[in-house]
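Student: Quick one: the structure is below, questions incoming.
Chains as they are written, first to last, in the numbering used here: chain A, 1 to 203; chain B, 1 to 203.
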C-alpha cells in the first residue's frame, strides 16, 4: 500500500492561499505568487531572469508527485471553488474522493472521476487506497490535511516553501491542538524561488 | 554598515515558542524541542543516535551568526523572561539594546551590556548600528522582528526550521498586515534535525 501524503505550496509565513480565497479567486489575493515562483520563477536581485534549469528542477519535483499519486482525497470546499477553473480536463487524471455532507452523483471529466463521500475521512481514505494500489493517496487542502494529521493517518508532508510573506490567508497548519507532532526531514531539494521539503511523520 | 537580521528557530507550523511561554518557562510548553533538535539532535527512525557531524553543522551555522553579530535589539518582554536564566554571563557578549516603555539603568553582565531604549525602534537600531560597525544587528524576538519587518528596516531572515508541529505558541510571522513581502532564498544548509534557511528581503 502506498503512503498518505500532503503536498502543497506554502509561503514562509505558513499560508497556502492569500486572503479572501473563493470561487472568484481560488488562491486568494496575492496567492497566485505561490505558483508564479514555482512555475515561472522570479527575477533575482540582479534583475536577470530565472535559469531554465531552476524551473526544470521544480517541474521534476511536481512531476514526481504526479507520478506517485494514485488517488486524491479533497474537501468539498476546494472542489466547489476549483470545479469551474479545472474545466473539462481536470489535472489529476486519477480518482478523486470529495469529502462532503451533501451527496452528489459521480462526475467523470476527462481522465478524472470525482466521487462524493459522505461517511467520513476514514472511509474516504479506504476507498482512495483501494483504487490507488501501491501508489500514494494525496489529501488536500488545509482543512482536510489537518483532519488526517490529527487522526494519525498521515505518513508524509511535502512542502514547496515559497519565500514570500503573504501576511494573511489560509494557514496550512492550525487547529492542530496542543499535542506536538514530531517529523523527520527526509529530503531537501533547493531551487531558486522555492525549497522543496519532504517530511515523514514519526509515530 | 552591517545588515539588520532576524535569526530564530521555528517549528514547521511557524512557532518560535510553545504555548504559555513566560518567566517560568521561557520557551513555552514543548518549545525546548526546538533547541533539542539543533543542539542535541534527535534519534532517527532506526533509533540510532544523530551523527556528531550533523550536530557540528548546526554549531557551525550558529557560530557563524554569533561571529557576524555586532549588536542586538530585543524586546523588553524577552529580556524580562530571560534575565534570570542568562545569569551573570549572558551568551551575547555584545551590546544589547532593549526596547521598552519603562526606563532602566544600563546593566553590565560579563561581556554583555543591556541598554534600555525608550525612544522607538528606529533610534534603537541607530544606536545598535553605531556600535556594531561593519557587523550585523540582530533583532528579536517575534514581536520586535515583526515591527522591523513592517517598518522596512530588515535586510535578512535566517530561520532554523525544525521539523516539529507545536500546534500552539508564539508565531514568528503574524500581524504583518495585508501587503505581501517578497524574499529571496539565499542559502539552504541541510542537517538532520533542522534545515537552516537564509532569506534576504527584496525591496
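Positions of the beta carbon are idealized from the N, C-alpha and C atoms, including for glycine.
1. Which ranges would you report for the alpha helix (DSSP H) in the region 45 to 83 of chain A if only whole runs of at least 4 residues count?
2. Closest to residue 180 of chain A by CA distance: which of A:152, A:191, A:161 and A:166 is it?
3. Does any residue of chain B have a CB that is nearer than 7 Å to the CB of residue 180 of chain A?
4. Can you name the residues of chain A whose CB is closer than 9 Å to the CB of residue 129 of chain B?
5. Between the region 185 to 198 of chain A and the region 152 to 166 of chain A, do at least 3 Cβ pairs fall closer than 8 Å?
6. Spatial neighbours of residue 125 of chain A within its chain, please: CB distance less than 7 Å, with the 5 preceding and 5 following residues excluded, ordered by chain position.
7. Shortest alpha-carbon distance to residue 250 of chain B belongs to which of A:23, A:28 and A:2?
8. Please name the residue, chosen from A:141, A:14 and A:201, that lies closest to residue 78 of chain A on a Cα-to-Cα basis.
9. I need the DSSP call for residue 20 of chain A, collapsed to helix, strand or coil.
10. For residue 130 of chain B, count the other beta carbons within 10 Å of its own beta carbon; 16 or more makes it buried, fewer makes it exposed. Which is it?
11. Based on DSSP bridge pairs, tell me the residues matched to residue 192 of chain A.
12. Can residue 146 of chain B and residue 175 of chain B be called in contact, C-beta distance under 7 Å?
13. Given residue 35 of chain A, which residues of its chain have a CB within under 8 Å of its CB, disregarding the five upstream and five downstream residues?
14. Once you ignore the five residues that flank residue 61 of chain A on each side, which residues in its own chain have a CB closer than 6 Å to its CB?
15. Given this structure, state the Cα-to-Cα distance separating residue 22 of chain B from residue 170 of chain A, to the nearest angstrom.
16. So what does residue 111 of chain A bridge to, in DSSP terms?
17. So what does residue 158 of chain B bridge to, in DSSP terms?
18. Compute the distance between the beta-carbons of residue 68 of chain A and residue 109 of chain A, then report whether it is under 7 Å.
19. In or out: residue 39 of chain A buried (at least 16 other Cβ within 10 Å) or exposed?
20. Mind checking whether residue 95 of chain A and residue 113 of chain A have CB atoms under 7 Å apart?
21. Report buried or exposed for residue 90 of chain A, applying the criterion of at least 16 other Cβ atoms within 10 angstroms of its Cβ.
22. For a cutoff of 7 Å on Cβ pairs, would you count residue 164 of chain B as touching chain A?
23. In the DSSP assignment, what residue or residues form a beta bridge with residue 116 of chain A?
24. What would DSSP say about residue 43 of chain A, mapped onto helix, strand or coil?
25. Leaving out five residues on either side along the sequence, give the residues of the same chain with a beta carbon under 6 Å from the beta carbon of residue 127 of chain A.
Tutor: Once the coordinates are examined:
1. You should have 52 to 68.
2. Ranked by how close their Cα comes to the Cα of residue 180 of chain A, the residues A:152, A:191, A:161 and A:166 have A:152 in first place.
3. With its beta carbon less than 7 Å from one in chain B, residue 180 of chain A belongs to the interface.
4. Those do not exist, as residue 129 of chain B stays about 22 Å from chain A at its closest Cβ, beyond 9 Å.
5. Three or more Cβ pairs closer than 8 Å define a contact, and the region 185 to 198 of chain A meets that threshold against the region 152 to 166 of chain A.
6. Excluding positions up to five away in sequence, the list reads 4, 73, 137 and 153.
7. The requested residue 250 of chain B is not part of the displayed model; chain B covers only 1 to 203.
8. Residue A:141 holds the alpha-carbon nearest to the alpha-carbon of residue 78 of chain A among A:141, A:14 and A:201.
9. Look at residue 20 of chain A here: in three-state DSSP terms it is coil, with no helix or strand label.
10. Looking at its Cβ environment, which holds fewer than 16 other Cβ atoms inside 10 Å, residue 130 of chain B is exposed.
11. When DSSP reads this structure, residue 192 of chain A sits in no beta bridge, so it has no partner.
12. Contact flag set, yes.
13. Excluding positions up to five away in sequence, the list reads 9 and 27.
14. Cβ contact annotation for residue 61 of chain A (same chain, cutoff 6 Å, sequence separation greater than five): 189 and 196, in chain order.
15. Using only the alpha carbons, I get a separation of about 29 Å.
16. DSSP output for residue 111 of chain A lists no bridge partner at all.
17. Looking at the DSSP assignment, residue 158 of chain B forms a beta bridge with B:7 and B:198.
18. No, these two residues do not count as a Cβ contact at 7 Å.
19. Residue 39 of chain A comes out exposed.
20. Yes, they are a contact pair.
21. When all chains shown are included, residue 90 of chain A counts as buried.
22. Interface annotation, residue 164 of chain B: in contact with chain A, CB-CB separation under 7 Å.
23. DSSP, once it has assigned bridges, lists A:98 as partnering residue 116 of chain A.
24. With a pLDDT of 49 at residue 43 of chain A, under the threshold of 50, the modelled position of that residue is not reliable, and no figure is offered here.
25. Same-chain partners within the cutoff: 97.
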